[in-house]
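Residue numbers (full-length UniProt numbering): 1 to 313. Just so it is clear, CB atoms sit at the ideal spot from N, CA and C, and this is done for glycine as well. Here the structure is a predicted model, which is why all the values come from computation and not from measurement.
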Amino acid sequence: MVAGALLLAPAAQAAPVERLVEIDGPLKGVMLAPEGGSKAPAVVILPGSGPTDRDGNNPLGVRGSTYRLLAEGLAAEGVASLRMDKRGMFASAGAARDPNKVTVVDLAADANAWAAKLKAETGAKCVWLLGHSEGGLVALIAAQHGRGLCGLVLVSTSGRPLGEVLRDQLKANPANAPVLPQALKAIDELEAGRKVDTAGMPPALSPLFNPAVQDFLIVMFKQDPARLVSAYKGPVLAVAGTTDLQVTVEDSRRLQAARPSVKLVTIEGVNHVLKAAPADRRANLATYADPSLPIAPGVVEAIAAFVKAQSGS
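Structure representation (structure tokens):
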């Protein structure tokens with residue numbers, strides 16, 4: 001009976017294989033592939049804004065390890081991934097003297113270099129760019145000139161230019177009323193490609209318009225996600241959570257409005273860091289710092305299903 005039971009027992013699922021990878025820069029990252037995952041569908045995970053590392057964490061209190069958990073979930077679904085530290089940050093710090101001088105256009109060029117690396121490492125016929133938040137914009141820019149791309153997965157990605165988003169965010173908070181005229185004028189100037197003098201600015205606005213990041217913002221404000229997605233001809237999946245406090249479902253719908261062939265998946269009760277979360281702001285933000293919380297049900301499944309269907313897997 002014991003022998004029979006052993007014969008009938010299902011084989012244990014092989015653990016995914018993780019290894020460090022590097023490209024010119026030097027830029028460093030980590031690849032996670034299913035066991036025996038040669039030619040498995042493969043995605044490059046592009047991080048969001050600021051000092052966000054390859055796992056989705058940053059020193060500003062975000063410790064939910066969203067990208068690591070996403071990579072592990074995708075590997076369990078038979079999808080390989082590569083995630084990296086951005087140029088000038090963390091293990092890739094040596095690639096740029098000043099990370100504030102690294103623009104989204106620079107990051108897009110790096111994204112295409114990482115895509116070529118992942119394609120070579122896996123033997124896949126093409127690879128996907130999966131961008132989260134600002135990483136979605138980086139993916140859209142990269143795709144305009146990228147080669148060997150299967151398509152794009154845009155997660156928690158706004159369909160509006162950053163200037164529009166900032167204006168709405170500033171206007172939505174009544175406490176900003178005293179500084180609103182100066183803030184809106186500063187956005188206008190940066191959109192026109194002109195730097196702003198912060199010497200006479202209220203302290204509340206200084207971090208937003210810090211001179212160190214104005215070059216980055218000037219390039220950023222020129223990017224229109226709706227125009228970029230309309231120009232791209234490959235398959236696109238947009239994933240939006242209904243309790244995302246940073247990018248609304250309506251913002252994601254603008255991507256589909258710009259290009260109706262975009263597949264939009266809306267997942268109930270999922271926030272910006274892809275965790276199950278209520279709409280209550282305090283409880284929602286608490287999930288940003290909790291790596292013990294898994295990726296919300298439906299997120300990995302939606303991404304893996306789309307990627308595998310388009311890849312013929």
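Between the CA atoms of residue j and residue i - distance to the nearest angstrom
i    : j    : result
S230 : A183 : 30 Å
D280 : D244 : 11 Å
A40  : D24  : 25 Å
G146 : F90  : 25 Å
A289 : G61  : 6 Å
A296 : L285 : 15 Å
C150 : D224 : 22 Å
L152 : P260 : 15 Å
M304 : E77  : Reading off the sequence, residue 304 comes out as Ala, not Met. Taking the straight line joining both Cα atoms gives about 6 Å.
V21  : P181 : 47 Å
T287 : Y67  : 14 Å
A71  : V219 : 30 Å
A192 : K308 : 42 Å
T198 : F209 : 7 Å
I98  : A33  : The sequence as given places Asp at residue 98; Ile does not occur at that position. Rounded to whole angstroms, D98 to A33 spans 32 Å at the Cα level.
K119 : G234 : 17 Å
L46  : V236 : 15 Å
A204 : A95  : 32 Å
G159 : A226 : 5 Å
N57  : L69  : 11 Å
DSSP three-state assignment for residue i, whether helix, strand or coil
i    : result
T266 : strand
L293 : coil
L130 : strand
G234 : coil
G135 : helix
V239 : strand
V104 : helix
N210 : coil
K308 : helix
T198 : coil
D98  : coil
D215 : helix
Beta-bridge partners of residue i, as assigned by DSSP
i    : result
W114 : DSSP lists no partner for W114.
E18  : L32
V43  : S81, W128
E23  : Looking at the sequence shown, residue 23 is not Glu but Ile. DSSP lists L27 as partners of I23.
A276 : V270
The beta strand (DSSP E) enclosing residue i, as first and last residue numbers
i    : result
M31  : 27-33
L149 : 149-155
G94  : Careful: G94 lies outside any beta strand (DSSP E) and carries neither H nor E.
For residue i, the first and last residue of its enclosing alpha helix (DSSP H)
i    : result
A258 : 249-258
D224 : Premise fails: D224 is in no alpha helix (DSSP H) and is neither H nor E.
D168 : 162-172
L184 : 180-191
L285 : 281-286
Min CB distance residue i to chain D below 8 Å
i    : result
V196 : Judged by its chain identifiers, the structure shown contains no chain D, having just a single protein chain.
Taking the runs of the alpha helix (DSSP H) that are 4 residues or longer, which of them lie wholly in the segment 50-81? Secondary structure remark: continuous alpha helix (DSSP H) runs of at least 4 residues inside the segment 50-81, in chain order: 66-76.
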